[in-house]
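Asker: To start, I am sharing the structure in question, which I have written as structure tokens.
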Amino acid sequence: MLQSKLFYKTNKNKSANVDSISHDLLIRAGYIDQLMAGVYTFMPLGFLVLKNIENIIRRNMVEIGGQEILMPVLQPKENWVKTDRINIEKEIIFLLKGNGDKEYVLGPTHEEVITPLAKKVVFSYRDLPFYVFQIQEKLRDELRPKSGLLRVREFAMKDLYSFHANQADLDKYYEVVAKSYEKIFKECGIGRLTYRTLASGGSFSKYSDEYQTLTQAGEDTIYICEKCNIAINKEIKAENPKCPKCNNTEFEEKKAIEVGNIFKMGTRFSVPFDLKFTDKDAHDKPVLMGCYGIGLGRLMGAIVEASHDDKGIIWPKSVAPFLVHLINIENNPKVKKATQKIYIDCQKEGIEILYDDRENKTAGEKFGDSDLLGIPYRVVVSEKTLAKNSVEVKERGKAKIQLVKISQINKILK
RNA sequence: CGGGGUAUGGUGCAAUGGCAGCACGAACGCUUUGGGAGCGUUUGAUCUCGGUUCGAGUCCGAGUACCCCGACCA
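What follows is the structure, encoded as structure tokens:
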């Protein structure tokens with residue numbers, strides 16, 4: 032991608048009305064744009080990051096047997112009446128009227144769609160278990176959106192639903208998903224900062240697990256067991272202040288943001304929708320369900336919260352919009368030509384590369400923007416480096432600058 | 001939803017009730033060229049409606065939007 036053609040604009044001034052670091056950086060670097068409170072556009076750079084996160088999640092869901100589907104945002108109100116969530120979740124549900132008096136819910140989530148859908152597929156124990164997921168927009172009328180992507184009204188979520196014939200099978204799969212989640216957060220570069228956190232199950236079950244990433248801008252408080260690598264949240268600490276794994280009572284208190292959660296819903300939705308199956312003993316039984324969510328945008332915000340310095344974002348390679356930021360800091364024809372060639376060669380090799388070809392920018396400004404954007408590798412071409420048939424390669428977030436022969440670039444970057 | 005705050009060029013800020021300025025950005029010219037360079041010229045703004053006043057960006061009322069604290073939150 033040529034930077035001169037990129038649809039974005041960086042900004043030196045710190046944004047007003049912005050408190051969290053990720054919010055400020057994502058806006059100033061041109062990754063996102065705010066349309067209204069809690070509603071954001073993903074600009075080309077931001078969309079590339081979001082897609083990378085999406086693909087990491089998708090790959091891992093497929094790995095644990097998930098089949099991808101796409102459910103509608105627009106849902107009939109009746110389904111929400113059936114589960115009474117039209118009342119329970121009243122405050123955050125967007126209700127709208129269509130032609131006539133028909134009322135619709137803009138889906139804040141999809142149990143009310145997936146459960147009746149499963150009824151059309153599940154009849155026998157032979158049809159179980161199965162796992163379906165989607166990556167799709169959720170709409171929630173949050174009472175107070177905040178901190179940029181960390182709390183919004185419209186956001187992409189991966190939601191996985193599992194269907195089981197018995198509790199043991201649900202329990203087993205729940206742990207499979209837990210492992211998969213740990214892998215996802217690790218691949219996104221926030222593994223060490225993300226804790227499996229025991230939480231109450233709300234209206235679904237006694238317990239659930241949240242995945243909490245440590246960050247200043249977090250809105251939750253978690254308590255990390257000093258012996259195990261797990262945590263408990265505030266509600267649990269109030270009821271039963273012991274580590275569920277080792278009974279330890281010493282905890283470290285930290286602020287965190289919930290990037291994912293996993294739930295055993297049991298029969299919470301299969302009963303109201305009468306989702307049942309015929310078991311081996313010829314009796315009808317309700318299907319047991321689990322649901323597992325990850326907020327993609329929030330995850331993106333959490334990554335920035337976790338990975339930045341005073342100059343800008345430091346993207347983990349796995350989610351970065353580009354792997355390489357190529358910069359020519361001199362505009363003479365010789366340097367330009369050499370840089371252009373590197374750009375084309377890298378593209379041929381399939382390396383994701385952003386080329387700062389802007390002619391009216393000084394070296395300092397290009398470096399400043401480069402740091403702000405946070406692309407993992409910065410490659411600088413100048414007369415000086417060309418004299419040695421080389422370019423400078425610097426990893427974002429590290430001080431070391433390496434002189435690399437042009438013929439070796441592809442190898443090194445790969 | 002309860003409480004608090006803010007609203008001025010594209011962005012960030014100023015302006016005792018008295019000519020709306022500054023910095024950044026953008027555009028043009030010349031000079032520069034390894035960490036946001038210099039000089040000159042130009043561009044562009046008071047959220048909406050109403051009120052007070054000779055005069056309102058400033059005071060008052062209503063509205064709207066955004067931000068913060070809290071409550072809420074698969």
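In this note's numbering, the protein residues as written are 32 to 445. Positions of the beta carbon are idealized from the N, C-alpha and C atoms, including for glycine.
Does the beta-carbon distance from E218 to I344 come in below 7 Å?
Answerer: Taking 7 Å as the Cβ cut-off, E218 and I344 do not qualify as a contacting pair.
Asker: The beta strand (DSSP E) that contains P272, what's its start and end?
Answerer: Here P272 belongs to no beta strand (DSSP E), and DSSP marks it neither H nor E.
Asker: How would you call P176, buried or exposed, if buried means at least 16 neighbouring beta carbons within 10 angstroms?
Answerer: Buried: at least 16 other Cβ atoms inside 10 Å.
Asker: Need the endpoints of the alpha helix (DSSP H) that P147 sits in, please.
Answerer: Where P147 is concerned, the enclosing alpha helix (DSSP H) stretches over E142 to K150.
Asker: Can you tell me whether I406 is helix, strand or coil according to DSSP?
Answerer: Coil at I406, not helix or strand.
Asker: DSSP three-state label for K419, please.
Answerer: Here K419 sits in coil by DSSP.
Asker: Just grab the DSSP bridge partners of C20 for me.
Answerer: Because residue 20 is not part of the residues shown, which for the chain are 32 to 445, the question remains open.
Asker: What are the residues that DSSP puts in a beta bridge with R227?
Answerer: R227 is bridged to Y242 and I261.
Asker: From this set, E383, R389 and G381, which residue's C-alpha is nearest K367's C-alpha?
Answerer: The shortest Cα separation from K367 among E383, R389 and G381 belongs to R389.
Asker: In chain order, which alpha helix (DSSP H) runs of at least 4 residues are fully inside the stretch 82-154?
Answerer: Counting whole runs of 4 or more residues, the stretch 82-154 contains the alpha helix (DSSP H) stretches 108-113, 116-119 and 142-150.
Asker: Using only the alpha-carbon positions, how far apart do N83 and D315 sit?
Answerer: Distance between the alpha carbons of N83 and D315: 43 Å.
Asker: Look at L7 and T146 and say whether their C-beta atoms are less than 7 Å apart.
Answerer: Absent from the model: residue 7. The displayed extent of the chain is 32 to 445, so no value can be given.
Asker: Count the other C-beta atoms from every protein chain shown that fall within 10 angstroms of the C-beta of N271, then say buried if there are 16 or more, exposed otherwise.
Answerer: So N271 counts as exposed.
Asker: Just mark P103 as buried or exposed, buried being the case when its beta carbon has 16 or more other beta carbons within 10 Å.
Answerer: It is exposed - the Cβ of P103 has fewer than 16 other Cβ atoms within 10 Å.
Asker: Using the beta-carbon count (16 or more within 10 Å), is F38 buried or exposed?
Answerer: Exposed.
Asker: Leaving out five residues before and five after L33 in sequence, what residues of the same chain have Cβ atoms less than 6 Å from its Cβ?
Answerer: Excluding residues within five positions, the ones whose Cβ falls inside 6 Å are Y386 and D388.
Asker: If we ignore side chains and look at the alpha-carbon of each, how far apart do N279 and P347 end up?
Answerer: Their backbone Cα atoms lie some 34 Å apart in a straight line.
Asker: Given this structure, state the Cα-to-Cα distance separating E266 from C256, to the nearest angstrom.
Answerer: E266 and C256: Cα-Cα distance of roughly 15 Å.
Asker: Across the stretch 282-300 and the stretch 368-376, are there enough close Cβ pairs to call them in contact, namely three or more that are closer than 8 Å?
Answerer: Touching, no, given that fewer than three Cβ pairs across the two stretches are closer than 8 Å.
Asker: According to the neighbour-count rule (16 or more other Cβ atoms, all chains shown, within 10 Å of its Cβ), is P364 buried or exposed?
Answerer: Exposed.
Asker: Any contact between the stretch 104-111 and the stretch 222-229? By contact I mean 3 or more CB pairs, one from each, below 8 Å.
Answerer: Touching, no, given that fewer than three Cβ pairs across the two stretches are closer than 8 Å.
Asker: Compare the Cα-Cα distances from F164 to each of E213, Y71, Y226 and M92 and report the closest residue.
Answerer: Checking every option, the nearest Cα to that of F164 belongs to M92.
Asker: Does the stretch 121-130 come into contact with the stretch 233-251, if we say contact requires no fewer than three beta-carbon pairs (one atom in each stretch) closer than 8 Å?
Answerer: Contact between the stretch 121-130 and the stretch 233-251 is absent, because fewer than three Cβ pairs lie under 8 Å.
Asker: C322 and Y204 - do their beta-carbons sit closer together than 7 Å?
Answerer: Cβ distance not < 7 Å, so Y204 and C322 don't count as in contact.
Asker: Can you round the beta-carbon distance between M320 and F304 to whole angstroms, since I take them to be within the 8 Å contact cut?
Answerer: So it is not a contact: roughly 10 Å between Cβ atoms.
Asker: Which whole-angstrom value is the C-beta distance of T56 and H339, which I expect to be below 8 Å?
Answerer: Before going on, a small fix: residue 56 reads as Leu here, not Thr. That belief holds up - the Cβ atoms of L56 and H339 are roughly 6 Å apart, short of 8 Å.
Asker: Look at the alpha carbon of S178 and the alpha carbon of V208, and state the distance between them as a whole number of angstroms.
Answerer: Cα-Cα distance, rounded: 28 Å.
Asker: Hey, out of E426, K415 and V183, whose CA is closest to F398's CA?
Answerer: Here the closest residue by C-alpha is E426.
Asker: In angstroms with no decimal places, state the Cα-to-Cα distance between I253 and A262.
Answerer: About 6 Å.
Asker: For V49 and A68, I'd like the C-alpha separation in whole angstroms.
Answerer: Near 12 Å, if we compare the C-alpha coordinates of A68 and V49.
Asker: What is the C-beta distance between T72 and L81, in whole angstroms, given that I count them as a contact (C-beta under 8 Å)?
Answerer: 11 Å between Cβ atoms; not a contact.
Asker: Less than 7 Å between C-beta atoms, sequence neighbours within five positions excluded: which residues of the same chain meet that for T298?
Answerer: Result list for T298: P317 and L319, in chain order.
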